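J.:
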Amino acid sequence: MDRQRRKGSARLSNSSSPSLNELLEMQVSRRHTLRGGLGLAASTVFAGAGVSALAGCSDSNGGGSSNIPSELKFASVPGSNQDNVTIVPEGFNFQILAPWGTPIVGSLPAYAGDGTNTAADQAQQVGQNHDGIHYFPLNDSEKGLLVMNHEYTNSTLYAGDGRQEDENGRPTDVDEVRKDIRAHGVSVIEIFRNGTQWEIDTTSPFNRRITVETEMEITGPARGHELLRTPFSAGTRTRGTVNNCGKGDTPWNTYLTCEENIQGYFVTSDANPPRATARMGINENGFGYFWNAVAGDPSETAGEFARFDVSTGGGWENEANNFGWIVEIDPKQPNLAPKKRTAMGRFRHEGCQPGRIRAGEPIAFYMGDDARFEYLYKFVTADAWNPNNPDPDMLDKGTLYVAKFSVDGTGEWIALTLDNPTLAAEFSDMGELLVNTRTAGDLVGATPMDRPEWTAVDPNTGEMYVTLTNNTRRETPSDDAGENAANPRTPNTHGHVLRLRENGDRAEATAFVWNNFVFGSPASADENFNLSGLTADNEFGGPDGLWFDPRGVLWIQTDNGAPLDYGDDPNDQMLAVIPARLGSDSITAENQAQLKRFFVGPSDCEVTGVIMTPDLKTMFLNVQHPGGSWPLNNGTARPRSATVVIQKDDGGEII
Ligand code: FEO
Ligand code: CA
Ligand code: CA
316 MDRQRRKGSA RLSNSSSPSL NELLEMQVSR RHTLRGGLGL AASTVFAGAG VSALAGCSDS
376 NGGGSSNIPS ELKFASVPGS NQDNVTIVPE GFNFQILAPW GTPIVGSLPA YAGDGTNTAA
436 DQAQQVGQNH DGIHYFPLND SEKGLLVMNH EYTNSTLYAG DGRQEDENGR PTDVDEVRKD
496 IRAHGVSVIE IFRNGTQWEI DTTSPFNRRI TVETEMEITG PARGHELLRT PFSAGTRTRG
556 TVNNCGKGDT PWNTYLTCEE NIQGYFVTSD ANPPRATARM GINENGFGYF WNAVAGDPSE
616 TAGEFARFDV STGGGWENEA NNFGWIVEID PKQPNLAPKK RTAMGRFRHE GCQPGRIRAG
676 EPIAFYMGDD ARFEYLYKFV TADAWNPNNP DPDMLDKGTL YVAKFSVDGT GEWIALTLDN
736 PTLAAEFSDM GELLVNTRTA GDLVGATPMD RPEWTAVDPN TGEMYVTLTN NTRRETPSDD
796 AGENAANPRT PNTHGHVLRL RENGDRAEAT AFVWNNFVFG SPASADENFN LSGLTADNEF
856 GGPDGLWFDP RGVLWIQTDN GAPLDYGDDP NDQMLAVIPA RLGSDSITAE NQAQLKRFFV
916 GPSDCEVTGV IMTPDLKTMF LNVQHPGGSW PLNNGTARPR SATVVIQKDD GGEII
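If you're matching positions, the sequence shown starts at 316 in my numbering and goes up one per residue.
See the structure below:
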């Protein structure tokens, strides 16, 4: 990216699209004209009402306002672009937990620092490239299950200088391919506090590795559909989960892992692949994994490797249709197969956080499709939440919606069902529609976004926030989108965070109001680009991971490839802000001091996935694909993705 060009040419609008200020003015005027028309939410949301008005929105089941911290009680840490440095604020400390290769099950094979662990070893060890993470208490904040995603793998996986390949760059060693397959997926790890440190209980019956080999059930409307049938199963089971990125959790204490860039793993030689293959971006190369290249090895079972080639005529045409779903895992039932919940749609799933949980009401799950010009979705359960009799299959029945944003600050959720004549004309049943969710979104005119990543819901207000990490291909506001005030920067090199509030604060609302909360930017960029007035204390780019803690502190994590003032290749970071304590709609030059940098990772890494223990005294976050020799920092060791455990020196509540 040419920085001068970006700073000079970035603009908010052209004649067909209002500036953010114009948009906000429109929203303000709508508040007056629509008061009573769209209901309480539309008349009060984003009114800059501050704490008192927001506090009145709290409820008894879904979090409350009584414990909103008065302020962030730490000083913003400096940015960094240095190797091997991990930065937390003064008064905090950190330890490293569960780096890639840590043994957790079986014979507990020790991590080999030279990459010589075998595929059999890797199946018993923590996977690579940690991402979404959740803590399920076993004994409150003293003992629990840490569940985390392992998004993808890189060349540090293999012994020597990298994977053994033929002259075409295809893998040749079956054990290396199986090791790769087993370094993906999810880990379930029992951990406990021992004094001031956290340790892994390697004897726990809950410890588990879920990989691209693990058998799973396919549930919901697409179960058994002809588009899911393969030589392995009649569309009811499949093997594995892949590119597990963001996460979600449910009030019945299960973990939702999100299958994101599935196109990286499958290949097709079709000149014109079927739309369910083509619309997901599957092509002849993928990310270069080429696991299909070792198909035919005498040790291969049931198309173990062949299935990654979905070319027409090969028999595995539908295999990729078994991927791109939300997968539900019950960490306390280690023998229960994970379930792919097809009712929640098939796309490049990033995150899947629920809205506020209220007994007697349905639950909304908010989901981004992380690719340029893709969409934001929500799934609303058909049934109301009954905490006294939870339905473990609640995610099989409900309605999938896609978002359409209007320039006036309102928006609508368009149901992706066969009640819509356009969709009924295109799809013969819901199974076909759900396999082709992206196409359904195209057909109903959903708003193409700047790469929707994680979602998070403010426990105090129910407002849903979504990271839009960047979109360097958005050249005008109208690119592929008509008017697109929700994604106003051209190009959007540094991303932004958008929020919306459902009309009537109802999970099942089909209309909402929205605005943009904060825009990433270098501090020195001009005000036409640095729209939130960021400074050296909080400049950031590439918002990705996102989480509201139970008090209403919003944690924003970055996966940034764009320059900041502290470096052309700035290390990624995590920031915090308490939206309920802001005196205006969004982050501005006036209130930006309330957005603070809390954590900076080592060079080349991405900071992604964060959760706390219920007592809010321990934070777990993940550092993915670090460079240098982190976390050993000895200059020679292979870098390893790992969980960072952050606590206060005085043992108190974080912030
Ligand atoms: Fe896996 Fe969209 O980050
Ligand atoms: Ca991500
Ligand atoms: Ca990302």
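Glycine residues also receive a C-beta, built at the ideal position from the N, C-alpha and C atoms.
Source: prediction; values computed, not measured.
Between the stretch 774-792 and the stretch 694-706, can you find at least three pairs of beta-carbon atoms closer than 8 angstroms?
T.: no
J.: Using 7 angstroms as the limit for Cβ to Cβ distance, is L472 near chain D?
T.: Any reference to chain D falls outside this structure, which holds one protein chain only.
J.: By the DSSP assignment, the alpha helix (DSSP H) with M659 in it spans what residues?
T.: Segment: none, M659 is in no alpha helix (DSSP H) and carries neither H nor E.
J.: Can you look up N399 in the DSSP assignment and give me helix, strand or coil?
T.: The answer is coil: DSSP assigns N399 none of H, G, I, E or B.
J.: Note down the Cα distance separating I577 from Y467, rounded to an integer number of angstroms.
T.: 10 angstroms
J.: Are the stretch 763-773 and the stretch 859-877 touching, with three or more C-beta to C-beta distances below 8 angstroms?
T.: yes
J.: Looking at the structure shown, is V489 part of a helix, part of a strand, or coil, going by DSSP?
T.: V489 falls in the helix class under three-state DSSP.
J.: Quick check: T529 and G555, are their CB atoms within less than 7 angstroms of each other?
T.: yes
J.: Helix, strand or coil for G713? Go by DSSP, reduced to three states.
T.: strand
J.: D884: beta carbon under 6 angstroms from a heavy atom of ligand 3?
T.: no
J.: When you get a sec, list the residues whose CB is within less than 5 angstroms of any heavy atom of ligand 3, chain order please.
T.: D859 and D874
J.: Starting from Q939, trace the beta strand (DSSP E) in both directions and tell me its first and last residue.
T.: T933 to Q939
J.: Here's a check: name, in chain order, each residue in its chain whose Cβ is nearer than 7 angstroms to the Cβ of T951, leaving out the five neighbours to either side.
T.: S944
J.: Please list the terminal residues of the continuous alpha helix (DSSP H) segment that includes R753.
T.: T752 to L758
J.: Can you give me the Cβ contacts of G835 inside the same chain, cut-off strictly under 7 angstroms, excluding the 5 residues immediately before and after it?
T.: H809, G810, H811, F855, G856, G857 and P858
J.: How is E634 classed by DSSP in three states: helix, strand or coil?
T.: helix
J.: Do V441 and S385 come within 7 angstroms of each other at the CB atom, strictly closer than that value?
T.: no
J.: Tell me, which residues are paired with L815 by DSSP?
T.: M779 and W829
J.: Check whether the Cβ of E634 sits closer than 6 angstroms to any heavy atom of ligand 2, and report yes or no.
T.: no
J.: May I ask you to verify whether the stretch 650-668 touches the stretch 679-694, counting CB pairs closer than 8 angstroms and requiring at least 3?
T.: yes
J.: Could you pull the DSSP bridge partners for F507 from this structure?
T.: K458 and E514
J.: Taking the alpha helix (DSSP H) that E741 falls in, what are its first and last residues?
T.: It spans P736 to E741 - the alpha helix (DSSP H) in which E741 sits, taken as one unbroken run.
J.: Using the C-alpha atoms, what's the distance from I383 back to E790?
T.: So the alpha carbons of these two residues sit roughly 40 angstroms apart.
J.: Cutting at 7 angstroms between CB atoms, please list the residues of its own chain near F638, excluding the five before and the five after it.
T.: V557, E574 and I577
J.: Quick one: give me the first and last residue of the beta strand (DSSP E) that D436 is part of.
T.: No beta strand (DSSP E) contains D436, which is instead part of the alpha helix (DSSP H) from A434 to Q437.
J.: Is E480 helix, strand or coil by DSSP?
T.: strand
J.: Are T471 and R953 touching if we call contact CB-CB under 7 angstroms?
T.: Against a cut-off of 7 angstroms, the Cβ pair of R953 and T471 comes out as a contact.
J.: Let me check one thing: in DSSP terms, what residues is C573 bridge-paired to?
T.: I641
J.: Let me confirm a value: K647 is counted as buried when at least 16 other C-beta atoms fall within 10 Å, else exposed. Which label applies?
T.: exposed
J.: Determine which residues share a DSSP beta bridge with F720 and list them.
T.: G726, per the DSSP bridge assignment.
J.: Between which two residues does the beta strand (DSSP E) harbouring R590 extend?
T.: Counting along the chain, R590 falls outside any beta strand (DSSP E), though it belongs to the alpha helix (DSSP H) covering R590 to A593.
J.: Just to confirm my understanding: we take G601, look at its own chain, exclude 5 residues before and 5 after, and list those with CB closer than 7 angstroms. What are they?
T.: Hits under 7 angstroms: Q578, G579, Y580, F581 and V582.
J.: Going by DSSP, what residues sit across from V960 in a beta bridge?
T.: Q410 and F935
J.: Does the Cβ of S422 have 16 or more other Cβ atoms within 10 Å, making it buried, or fewer, making it exposed?
T.: exposed
J.: Can you find a heavy atom of ligand 1 that lies under 6 angstroms from the Cβ of D685?
T.: yes
J.: Round the Cβ separation of L749 and R661 to the nearest angstrom and send it over; I've been treating them as touching at under 8 angstroms.
T.: 6 angstroms
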